[in-house]
Amino acid sequence: MCFSQTKTYQLSSHILDNSTGQPASFFLVTLEKMNEDKTWTKISTKRTNKEGRITEFLPYQNSNEGVYKLVFDVHSYFESKKIESFYPFIEIIFSIKGNEHFHVPLTLSPFGYSTYKGS
């Protein structure tokens, strides 16, 4: 990730398809933020680039602190490849505190996935 993206956007993601060993290109991902009443508000929906990355989620503002959810549309991705999958969607819920950059990688296959707090 280039330095200017890190300074401009506080959140990024990278998706790798373990079944092919390749980036998950053009994968649909939605970002939502939890409200005080525990409901969710959609912030944006984006597609990964050909490297499986989204670098322009959540522009820096005065305060982006809160609980967020990334919703990964697994069904559409594998359906486009004519592959059956077990998880139609993967939802990753996490907290943002402070002004550091947050990176949420996802590795997946048709029947499993893994995630962690990246850098």
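Sequential numbering of the sequence shown, starting at 1, is according to full-length UniProt numbering.
A virtual CB, placed ideally from N, CA and C, is assigned to each residue, including glycine.
Boundaries (first-last residue) of the alpha helix (DSSP H) holding residue i
i	result
E79	V74 to S80
Bridge partner(s) assigned by DSSP for residue i
i	result
I96	G66
residue 125	Because the chain is modelled from 1 through 119, residue 125 falls outside the range shown and cannot be assessed.
K46	V29
G21	Bridge partners of G21: none, in fact.
Sub-8 Å separation of residue i and residue j beta-carbons
i	j	result
P59	T8	yes
F86	P105	no
N64	Q10	yes
L31	D73	no
Residue i, buried or exposed, once every other Cβ within 10 Å from all chains shown has been counted against 16
i	result
I93	exposed
D37	exposed
F102	buried
S44	exposed
E91	exposed
I15	buried
Y68	buried
Unbroken beta strand (DSSP E) run spanning residue i, endpoints
i	result
E56	R53 to P59
H101	Where H101 is concerned, there is no enclosing beta strand (DSSP E), given that its DSSP letter is neither H nor E.
P9	Rather than Pro, the amino acid found at residue 9 in this sequence is Tyr. It spans Y9 to D17 - the beta strand (DSSP E) in which Y9 sits, taken as one unbroken run.
G112	G112 to T115
Inset, instruction - Would you check if there are 3 or more beta carbon pairs closer than 8 Å linking the segment 77-96 to the segment 49-56? - result: no
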